[in-house]
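Here is the structure we will look at.
Numbering (the numbering used here), first residue to last: 636 to 1136.
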């Protein structure tokens, strides 16, 4: 592989890596992508997502530009509202406890819409996220939580579209190619040492973009950095995201940055496999908990299920589930809200029990103290403020006054049979700790100085998310920083020997 022209090497072929590859090719640089996975598992975590993308928009005209296929009928039956840049900034600040790096946040927010328009030029098609982010009330859909668009075909559709665009652009992709180390010296990074089919080779390059994801698939690193018990978490996505990109950069002198003890973790089917299943995708997630309650092995509630819209709490409630006895919980609903449950509750792989009485239901909750659970449900039912109208599209204030752990919104008595319950555990999506970059996507060393020739994008960037995460920001930030890193790497990849990148 030493005959590959020196230009740009991108490590990782998810959304961020492919956006980096496309941006580098726009500058005219030759680009090689190293994908650790075999071709049938390509695409990193992107393949496992629903394709939701958080973007700032002023109104329907902005959405029409993003979604040219948006029909008049869809517009007439939908309240799309707006999601202004200031709202995006506020959400990022609030959800991350005001710790997020302001430079990184500004880039994501300010460039969100223009980046999606840029991706549209490569064939990425966006559609309204009706199935997961809007409820129909009085014949009209209303979007909530600042999340309106998704990639057509979800994560697999986005991944396939970007791979097709990369092929058209002349990007070379090597599958089953694991990056082992960076080739670096006093003059910066000069390539990648890789291993493919049992053979180790050096791949020279004038610029390298690391986009190999976090360390969520590395049980040892999870336990080391996230804490005890995290070795027991299930991995929602790619089994190949073991922190290779981060390790290589740290070995080359990069600065560790961000929330290394934090991660994106959700409620995930208790009996899901240890790693993501491409045939099921994100169907193992269980995100309709704001419509019901969650009970642990002791039969007790442990979070405010209605604290906020789902996409502002789901990424931290996986941790809350992992902290429960036995690392599991049961989500409980009645027939009143069952029609509002998301599609993932209907997959045949769901760990589900049903009953026509609460007494029978709690008896079927594997591993749960049934009498305690029944007492919890009855106390919850008695506390519901039924005088306040229920409205799933807004934070309706319909709560449970007097309970030690309140439910702040969307509280309905669980009293209309048949009853349903779903067993969940913790599913980790990606880790928050990673590398520090500047506004050009260059990786910084421990002296806060750019490492020549080294760039980064995607989930291995640190400093953007702390403790929690606004839904849909991962694909958006991956695309934004992929484009930024790819552009700067592409310019360096074209530079002649001795020129500054």
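Positions of the beta carbon are idealized from the N, C-alpha and C atoms, including for glycine.
Taking a C-beta distance under 8 Å as the contact criterion, residue 778 and residue 715 qualify as a contact pair. Residue pairing by DSSP places residue 778 opposite 769 in a beta bridge. Secondary structure within the stretch 834–894: the alpha helix (DSSP H) runs of 4 or more consecutive residues, fully enclosed, are 879–886 (chain order).
Runs of the beta strand (DSSP E) lying entirely within the stretch 1067–1109 and spanning at least 3 residues, in chain order: 1077–1079 and 1085–1091. According to the DSSP assignment, residue 657 belongs to the alpha helix (DSSP H) that extends over 650–661.
819 is the residue among 733, 720 and 819 whose C-alpha sits nearest the C-alpha of residue 839.
For the pair of segments examined, the stretch 915–928 was found to touch the stretch 970–979: the number of CB pairs separated by less than 8 Å reaches three.
Using a Cβ distance threshold of 8 Å, residue 1090 and residue 842 count as a contacting pair. Annotation: residue 971 is outside any alpha helix (DSSP H) and is labelled neither H nor E by DSSP. For the options 988, 1095, 931 and 985, the alpha carbon positioned closest to that of residue 960 is the one of 931. Residue 726 sits buried, since 16 or more C-beta atoms from the chains shown fall within 10 Å of its C-beta. Here residue 761 is actually not in contact with residue 801; their C-beta atoms are around 19 Å apart, not less than 8 Å. Residue 1086 counts as buried, since at least 16 other C-beta atoms from the protein chains shown sit within 10 angstroms of its C-beta. Residue 708 sits exposed, since fewer than 16 C-beta atoms from the chains shown fall within 10 Å of its C-beta. Around the beta carbon of residue 733, fewer than 16 other beta carbons sit within 10 angstroms, so the residue counts as exposed. In the assembly as shown, residue 1017 is an exposed residue. Its beta-carbon has fewer than 16 other beta-carbons within 10 Å. Here the stretch 946–953 makes no contact with the stretch 989–1004; the two share fewer than three CB pairs at distances below 8 Å. The Cβ atoms of residue 672 and residue 789 do not sit closer than 8 Å to each other. Boundaries of the alpha helix (DSSP H) harbouring residue 791: 789–804, taken from the DSSP string.
In terms of Cα proximity to residue 1116, the closest of 1106, 1095 and 1126 is 1095. Between the beta-carbon of residue 1049 and that of residue 967 there is about 6 Å, and that keeps the pair under the 8 Å contact cut. The beta carbon of residue 1123 is closer than 7 Å to those of 1075, 1076, 1077 and 1090 in its chain, skipping five residues each way along the sequence.
Excluding the 5 residues flanking it on each side, residue 837 has same chain C-beta neighbours closer than 7 Å at 637, 818, 826 and 828, in chain order. Per DSSP, residue 817 lies in no alpha helix (DSSP H) segment; the continuous beta strand (DSSP E) that holds it begins and ends at 812–820. Across the set 1011, 664 and 1036, the C-alpha of 664 shows the shortest separation from the C-alpha of residue 806. In the three-state DSSP reduction, residue 1038 falls in the coil class, being neither helix nor strand. One Cα belongs to residue 700, the other to residue 722, and the distance between them is close to 20 Å.
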